[in-house]
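Here's the structure we're looking at; comments come further down.
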Amino acid sequence: MSSTNPFASMFGKSPFKALQVHMRVALECAREIPPSFDALAAGDQQGVTVIKDKIFEREAAADKIKNDLRGALPKSLFMPVDRRDLLEVLQMQDSIADTAQDIAGLLVERRMEIPDFMQEPMLALARRSVDACEQSAKIIEELDELLAMGFRGREASRVEEMVEQLNLIEDDTDNLGIELARHLFEHEDEIKPVSVMMWYQLIEWVGDLADYAEKVGDRLRLLIAR
Amino acid sequence: MEIITNYGFILMAMAVVFGLYMTWGIGANDVANAMGTSVGSGAISVKQAILIAAIFEFAGAFIAGGNVTATIRKGIVDPSSIVNSPEILVFGMLAALLAAAVWLMIASAKGWPVSTTHSIVGAVIGFAVVGIGVDAVQWGKVGQIAASWVVSPLLGGTIAFLLMMSIRRLILNTENPFESAKRWGPGYIFLVGFIISLVTLFKGLKHLNIEMTVGMSFTVAVIFGVVLAVVGWFLISRVKVDPGADRDFHFASVEKVFTPMMIFTACAMAFAHGSNDVANGIGPLAAVVSIIQSGGEVSQKAALPLWILVLGGTGIVVGLATMGYRVMKTIGSGITQLTPSRGYCATLAAAATVVLASRTGLPVSTTHIAVGAVIGVGLARGIGAIDLRVIGGIVVSWLVTLPVGATLAAIFFFTLKGMFT
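Chains as they are written, first to last, in our numbering: chain R, 1 to 226; chain F, 1001 to 1421.
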C-alpha cells in the first residue's frame, strides 16, 4: 500500500528541476565551442576530436533528460505554467546542444582548417554566443524563485531584466556574425570554394547558439505571462 | 431484549474489537495523510510527527471530538421505530464498523484514495436502510453531510490560496524577505492558535462542563494565540541567514523561518484530525456501549464515556506506531515539492476547515480537505505539478465508497442477526 498512497501520488514530479538539469547539460555543450576553435587555430586536430567526443557524449545526455521529461508530462498534470510553453523552452534548450553537436561534427568530419584572418573574429563570435547561453542558463536557474513567487512580483521583473540583458548579448552576436561574414566575403578567393561555403555555414551555426539561447529567454517570458 | 441481556458481554467485546480495528486502521493510514504536508515539507521528522500526532490526535478527540461522534452515533439514523428491538441497532453499528474497516483495508491495499469518513457514513446508512427502513435514515442530515464533502475541500483550498497570496505580498515580494518573514512570522503563528482555539471554543465544551459566551471564547482564543506567537517568536529569532543556501535558492533563509512555524500547524492538523476522524471509529462503538449498558434502552442522550475516547486514541497511536510510521515515511519522501511556506498554508487551511466542520458535527474527510488545500496552493501557482488523475480517482472513490460501504454493512448486518437470533 505504501508505494501508492493517494495523498503522495497527487504530487507529480516537478518539471522545473529536470528543465534546469537539461539546461546545465546544454550549456556544457555550448561551452566547448570556443575551445574547439582554439584547438583548430593551434592546428591541434586531435584536440578538436577530443572536444567533439565530449560534446557528443553531453548531447546524448541532454537528449535522454529531454525524453524523460517529456515522458513525465502527461496532460493530466496541473502545473503553474502552460504545458506547451514548457515543452517549447525545453525544445529551445535542446537546440543549443544540437547546434553545438553540429558545429563540432563538421569541424572534425570535414577536417576544417581555419584561415588566419578568421581566427580572432570567429573566436570572438563563439565566446559571445556562449555568453548568451550562460545568460539563458542563469535565467533558467531562477525558476525555483519564480515558483516561490507564483511567477509574479519582483522576481518576475528580475527575470524580465535578465531576458532584456540576454537580448542585448544576442544583438552583439548578430553584429559580430555579419562582420565576420563580410570579412569572409572579402577573402573568398583565398580559400577553396567549398570551404567558403562551410565557413558561412559555421558562422551561421555559431550565431544560432545565441539565437536559441535568446529563444529560451523569450519562451520563458511567455511561461511567466501565461 | 433478551439478546442484549444474554449476549451483552460478547456484543460489547465485539464492538471494542471492531472499534479498535477501525481506529488502528485510521492511525495506520489516515493520520499519515493528515501529517503528510508537514513531513513532506521537511519541517518535522517522521519521529516528531508520530509524537505530535499521538498527543494532539488524542487531545483533539477528547476536547473537540464529541459532536462528530454524536452525529455518527445518532444523527444519521432515527431509531424511534426500533425502540422495542434495540439489538437491531447494536447489530447495525457492529456491521457498519466491520464494513467500513474491511472496505478501508481493501482500498488501502489497492492504493485507492478512499475516505474513512465516507466509508463509515455509507455503512451506517446501508444498515439503516435494510435493517430498519428507508425512512429511518435522516436524509436531511445525510444531505448536509454529503454537501459538506463538496464544500469543505473547496473551503480548505480557498483559505490555502489566500494564505499563500498574503505570504507572497507581505514576505516574499519585499525588499528584504528574510526580515519580513521574521517580522510577520509570529503573526502567522498567532493565526494558527487563534483560529483553532476560537473554532474549538466557540460553542463551549459541554462535555467538559465548560460553557463560554462568544466574547469569552474570543478572549481566550486571543490569549492562546498570543502565547503561541511569543513561543514562536522565540523560536524564529534564533533562525539565522544562510548565505550559502541563499545563493542557490534566494528564499532558502526565508523558508527556514517557516520551519518552526510548521511545528504549530502540524499540531493543529493532528488536533483537527483527532476531532473529526476518531469519531469514525468510536461513534458506532459508543452507540453499542450506550445501548448495552442501559440494558437495552435506545437512548438519545447518553454521555460519551471517557474510556471510549481513550480506547479510540489508543487505537490510533498503536496504528501509528505499527504501520503509520512506514506510510508517513513514503509520503514524506513523495512530497518534495512542498517548501515550509507552502506546507504552512496547506496545513493551516486544512486544519482550520476540519476543526470548523467538527464543531458543527459534520463528519468530513481530512484527506480530501488536505488535497483541496494543496490544490489551493497549486492554483496560486505555487506547486510544480499536481496529478489531476488522483483528483479524478478521489471523485470516483467517493461515488463507489458509499454503495460499497452500504452493501457490506447490509451483508454483515444479516450475518450478525442470523448468528444471534
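Virtual Cβ for every residue (Gly too), placed ideally from N, Cα, C.
For clarity, every value in this text was computed on a predicted model and none was experimentally measured.
Can you give me the C-alpha to C-alpha distance between residue i and residue j, rounded to a whole angstrom?
i               : j               : result
residue 1239(F) : residue 125(R)  : 47 Å
residue 1390(F) : residue 30(R)   : 40 Å
residue 80(R)   : residue 8(R)    : 19 Å
residue 200(R)  : residue 21(R)   : 32 Å
residue 1384(F) : residue 1343(F) : 14 Å
residue 216(R)  : residue 185(R)  : 31 Å
residue 159(R)  : residue 1115(F) : 43 Å
residue 1285(F) : residue 1033(F) : 24 Å
residue 1305(F) : residue 1281(F) : 14 Å
residue 1064(F) : residue 1200(F) : 6 Å
residue 227(R)  : residue 1330(F) : This structure leaves residue 227(R) out entirely; chain R is present only between 1 and 226.
residue 1175(F) : residue 134(R)  : 27 Å
residue 1334(F) : residue 1043(F) : 15 Å
residue 1321(F) : residue 1058(F) : 14 Å
residue 1(R)    : residue 171(R)  : Note that residue 1(R) scores 38 on pLDDT, short of 50, meaning its location in the model is unreliable; the coordinates nonetheless yield the value given after this. Straight-line Cα distance between these residues: approximately 56 Å.
residue 137(R)  : residue 221(R)  : 14 Å
residue 147(R)  : residue 1327(F) : 28 Å
residue 1248(F) : residue 145(R)  : 10 Å
residue 1018(F) : residue 1241(F) : 52 Å
Just the chain R side, please: which residues come within less than 7 Å of residue i by C-beta, in chain order?
i               : result
residue 1153(F) : The contacting residues do not exist; residue 1153(F) stays about 12 Å from chain R at best.
residue 1113(F) : 6
residue 1251(F) : 145, 148
residue 1381(F) : 80, 150, 151
residue 1168(F) : 149, 150, 153
residue 1244(F) : Per Cβ cutoff of 7 Å: no residues; residue 1244(F) is ~15 Å from chain R at best.
residue 1173(F) : 149, 153, 154
Kindly say whether residue i, judged by its beta-carbon, lies nearer than 7 Å to any beta-carbon of chain F.
i              : result
residue 154(R) : yes
residue 35(R)  : no
residue 9(R)   : yes
residue 94(R)  : no
residue 16(R)  : yes
So, with DSSP's three-state summary, where would you put residue i?
i               : result
residue 1210(F) : strand
residue 89(R)   : helix
residue 1137(F) : strand
residue 78(R)   : strand
residue 1106(F) : helix
residue 1077(F) : strand
residue 1202(F) : coil
residue 1386(F) : strand
residue 1194(F) : helix
residue 1062(F) : helix
residue 1249(F) : coil
residue 1056(F) : helix
residue 11(R)   : strand
residue 1173(F) : coil
residue 64(R)   : helix
Looking at chain R, is there any beta carbon in it that lies within less than 7 Å of the beta carbon of residue i?
i               : result
residue 1043(F) : no
residue 1388(F) : yes
residue 1104(F) : no
residue 1324(F) : no
residue 1402(F) : no
residue 1033(F) : yes
residue 1259(F) : no
residue 1213(F) : no
residue 1399(F) : no
residue 1347(F) : no
residue 1281(F) : no
Near residue i, what residues of its chain come up, given a Cβ to Cβ distance below 7 Å and the 5 sequence neighbours on each side ignored?
i               : result
residue 1276(F) : 1068, 1354, 1357, 1358, 1363, 1364, 1366
residue 3(R)    : Residue placement at residue 3(R) is flagged as unreliable, the pLDDT there being 48, under the threshold of 50; the coordinate-derived value follows with that caveat. No residues qualify anywhere along the chain.
residue 1083(F) : 1298
residue 967(F)  : Since the first and last residues shown for chain F are 1001 and 1421, residue 967(F) lies out of range.
residue 1186(F) : 1229, 1232, 1233, 1236
Tell me which residues share the same chain as residue i and place their Cβ nearer than 8 Å to its Cβ, disregarding the 5 neighbours each side in the sequence.
i              : result
residue 177(R) : 125, 203, 204, 206, 207
residue 51(R)  : 32, 35, 36, 39, 104
residue 18(R)  : 65, 68, 69, 72
Kindly list, in the order they appear in chain F, the residues whose Cβ is closer than 7 Å to that of residue i.
i             : result
residue 13(R) : 1385
residue 76(R) : 1387, 1388, 1389
Quick one: which chain R residues come within Cβ less than 8 Å of residue i?
i               : result
residue 1337(F) : 11, 14
residue 1369(F) : Those within 8 Å of residue 1369(F) in chain R number zero; the least Cβ separation is about 11 Å.
residue 1158(F) : Under the 8 Å cutoff, chain R gives no residues; its nearest Cβ is about 16 Å from residue 1158(F).
If you drop the 5 nearest sequence neighbours on each side, which residues of the same chain put their C-beta closer than 6 Å to that of residue i?
i               : result
residue 1350(F) : 1156, 1369, 1370, 1373
So which residues on chain R does residue i lean against when the C-beta distance must stay under 9 Å?
i               : result
residue 1276(F) : Under the 9 Å cutoff, chain R gives no residues; its nearest Cβ is about 16 Å from residue 1276(F).
residue 1374(F) : 7, 10, 11
residue 1378(F) : 78, 79, 80
Taking 6 Å as the cut-off, is the beta-carbon of residue i closer than that to any non-hydrogen atom of the ligand ZN?
i             : result
residue 55(R) : In the structure on display, the ligand ZN does not appear, and there are no ligands present to speak of.
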